[in-house]
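> Here you go, one structure.
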Amino acid sequence: MTHTSAELRLRALATLSADNHIAELRAAAAFPVIGTRTVACPQASARLECVEEVKSTPNPLFRRVEVRVYRDAGREHMLAELIGILPRR
């Protein structure tokens, strides 16, 4: 039961990290280049890694951003995934 509780807490923190990452891109009015990049996205005491994958959309004025969150650099176990759409400003 303790392990399950810790896993749920970690997944909640990972979801917050993914949401924060997309919110930062929106706040900066970013229109990122297509591709993949990895950034550290710690939350509370959890050391997390966000993998941001930017894709084109049928409308060239928008980009699809997929953020996947992993524990550290292992990328063995995805904790959260969030998808956002960013407009060109």
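Just so you know, we're using our numbering here: the sequence shown kicks off at 41 and counts up by one.
Ideal placement from N, C-alpha and C gives every residue a C-beta, glycine not left out.
Which partner residues of E64 appear in the DSSP bridge assignment?
None; E64 has no bridge partner.
> Please classify E64: is it buried, with 16 or more other beta-carbons within 10 angstroms of its beta-carbon, or exposed?
Answer is exposed; the Cβ neighbour count stays below 16.
> Helix, strand or coil for A58, going by three-state DSSP, please let me know.
Of the three classes helix, strand and coil, the one that applies to A58 here is helix, per DSSP.
> So what's A69 in DSSP terms, helix, strand or just coil?
Of the three classes helix, strand and coil, the one that applies to A69 here is coil, per DSSP.
> Is S45 helix, strand or coil when you go by DSSP?
The answer is helix: DSSP assigns S45 an H, G or I state.
> So is V105 buried or exposed if we call it buried at 16+ other beta carbons inside 10 Å?
Result: buried.
> Please determine, among R51, L56, A58 and P127, the residue with the shortest C-alpha to C-alpha distance to E99.
With the sequence shown as reference, residue 99 is identified as Asn, and Glu is not the correct amino acid for it. N99 has its Cα closest to that of P127, out of R51, L56, A58 and P127.
> Just mark I62 as buried or exposed, buried being the case when its beta carbon has 16 or more other beta carbons within 10 Å.
By the 10 Å Cβ count, I62 comes out buried.
> Within 10 Å of its beta-carbon, does R22 have 16 or more other beta-carbons around it, so buried, or fewer, so exposed?
Residue 22 cannot be examined here, being either before or after the span of the chain that is shown, 41 to 129.
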